[in-house]
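Chain order of the listed sequences is A and B.
Numbering of the first sequence is given in the working numbering, commencing with residue 1 and proceeding in unit increments.
Numbering of the second sequence is given in the working numbering, commencing with residue 1001 and proceeding in unit increments.
Glycine included, each C-beta is placed from N, C-alpha and C at the ideal position.
Protein chains: 2
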Amino acid sequence: MSEDQARAGAGEGDTQPAIGATELAGCIDHTLLRPGATGVEIDRLCDEAKSYGFAAVCVNPVWVERAVSRLGQSKVVVASVVGFPLGASRPEIKLAEARRALDDGAREIDMVINIGRLIEGDIGFVADEIKQLTAAAHQVGAVIKVIIETVLLTDDQKRIACEVAAGAGADFVKTSTGFAGGGATVSDVALMLSVVGPTMGVKASGGIRTATDALNLLRAGATRLGTSAGPAIVTEFVNGVR
Amino acid sequence: MSEDQARAGAGEGDTQPAIGATELAGCIDHTLLRPGATGVEIDRLCDEAKSYGFAAVCVNPVWVERAVSRLGQSKVVVASVVGFPLGASRPEIKLAEARRALDDGAREIDMVINIGRLIEGDIGFVADEIKQLTAAAHQVGAVIKVIIETVLLTDDQKRIACEVAAGAGADFVKTSTGFAGGGATVSDVALMLSVVGPTMGVKASGGIRTATDALNLLRAGATRLGTSAGPAIVTEFVNGVR
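Following this line, the structure appears as structure tokens:
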């Protein structure tokens, strides 16, 4: 099947724009955050990301330098997580971690909000932290994604988190770390998009395993997908699985 | 049942020393590391720890100051986690996080080793990191525990991790974060004790839910137990459950 044929959402009566395989791959953050991941696995992740044309590799901070070096002049950028996955580090430490990752060459920062502070209503704390990290990222032209960990929040809390991230000038809101049980859902993506609007990105992550998962989330409004199953998803898609 | 009666390991033919309820409670790190934990829950954790006579409360860095303040002049100390739970932060960031927690009043640091580097055999990296954090803790008279995340390691890797922690002068080796699936087992505690010997502590953590779990791990050689079920465990024990 050619790439032109490999299109989703082009069925009769479907008003959504079609998605091609290149576009699908270009939405994927190829992700390896397992604590036991080794350098060889990080190298393979980078090589796959180049080969498939993924948007980024998403790695833990200790691997940023290696991934940057492995990707060389490729268009694939390195995303580093910060305060990950619990979000319960001190703001100063999250900021130092973000700056270090940026110094190491990361061009995207996926930070976890302080979930407990959001739940207890200390919105100022959550907002200040996001603002500081956003400023650090934007200072070097990097992108910042704000992980709100939907599975731990009520819909009202999800809305507040998205408003705060938008108000802080972040580039993306992101559903999940993948470490809290549960992951991206179509309804959460739609809710997040309804708050942040089309000028911000929405990254769906956690539990995305198949081309169907990926397409459903993109149709709901996700503009980026975080998954460790990128190669399988794109292969499935090219083979015609919707 | 009186505390004297509430003893374990005193059965006929049992050569292990008996454990009393006070001693059992004194081995427990009362733990609350859920990302959604709020300040009110941290306060309750501290109050329970005082009331039961636990060794410490174990909290995320953002809550250290609050826990220190809530515990006041109590004998219960505050343990903060560092690089938790993935262990894949940069060493400089782990060090900064530990120093900040110590400045905030933590008197115990539960750090996660760099698991990926251990698995790929970069022992020097793992050892240097532990040495730096141990020096920071010891400089202010604090205790450091080294989490090796047993569930991700082979027995040989567990042995190496324990040797490295011992060589770095750490105070405890600790089995698990509780976030990687799997937790403390009697066989892992015995293995860890066999490497580090009786002059170092062994903290069992992850999945400890009952008095039976707790006693089995103590009999295997654990000297500290990390659990969020401390009150239930001690109550069960006092009521005669072994």
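**OP:** Report the neighbours of A:Gly53 on chain B: residues whose CB is nearer than 8 Å to its CB, in chain order.
**Re:** The premise fails here: A:Gly53 is roughly 26 Å from chain B at the closest Cβ pair, so nothing lies under 8 Å.
Original post:
Just how far apart, CA to CA, sit A:Ala214 and B:Asn1239?
Top reply: 53 Å
Subject >> Validate contact between the stretch 135-154 of chain A and the stretch 168-188 of chain A using beta carbons, cut 8 Å, 3 pairs >> reply: yes
Subject >> Terminal residues of the alpha helix (DSSP H) in which B:Cys1027 lies >> reply: Taken as a continuous stretch (DSSP letters only), B:Cys1027 belongs to no alpha helix (DSSP H), as it is neither H nor E.
Original post:
Taking only beta-carbon atoms, is B:Val1238 less than 8 Å away from chain A?
Top reply: no
Original post:
Can you tell me whether DSSP reads A:Asp122 as helix, strand or coil?
Top reply: coil
Original post:
For A:Gly207 versus A:Ala184, is the C-beta spacing smaller than 8 Å?
Top reply: yes
Original post:
Does the beta-carbon of A:Asp155 have 16 or more other beta-carbons within 10 angstroms, so that it is buried, or is it exposed?
Top reply: exposed
**OP:** Given a cut-off of 8 Å, decide if B:Arg1209 and B:Ala1229 are closer than it, judged by their beta-carbon atoms.
**Re:** yes
Original post:
Taking A:Glu65 as the reference, which of A:Asp103, A:Ala127, A:Ala166, A:Val164 has the closest Cα?
Top reply: A:Asp103
Original post:
Using DSSP with H/G/I as helix, E/B as strand and the rest coil, what is B:Arg1224?
Top reply: strand
Original post:
When the cut-off is 8 Å and only beta carbons count, does A:Leu86 lie next to chain B?
Top reply: yes
**OP:** Return the bridge partner residues of B:Phe1172 from the DSSP annotation.
**Re:** B:Lys1145, B:Gly1201
Original post:
Roughly how many angstroms separate the alpha carbons of A:Arg7 and A:Ser176, rounded to a whole number?
Top reply: Confidence is the limiting factor: at A:Arg7 the pLDDT is only 40, short of 50, which leaves the residue's position unreliable and the question unanswerable from this model.
**OP:** Please decide whether A:Ala18 counts as near chain B, where near means a Cβ-Cβ distance under 8 Å.
**Re:** no
Original post:
Do you know offhand how far A:Tyr52's Cα is from A:His30's?
Top reply: 10 Å
**OP:** Just the C-alpha distance for A:Ala21 and A:Val186, rounded to the nearest angstrom, thanks.
**Re:** 21 Å
**OP:** Please report the residue range of the alpha helix (DSSP H) in which A:Asp103 lies.
**Re:** 91-103
Original post:
chain A partners of B:Thr1038, CB-CB under 7 Å?
Top reply: Gly116, Ile119, Glu120
Subject >> Cβ of A:Phe172 within 8 Å of any chain B Cβ >> reply: no
Original post:
How long is the line joining the alpha carbons of B:Ala1220 and B:Thr1235, rounded to whole angstroms?
Top reply: 22 Å
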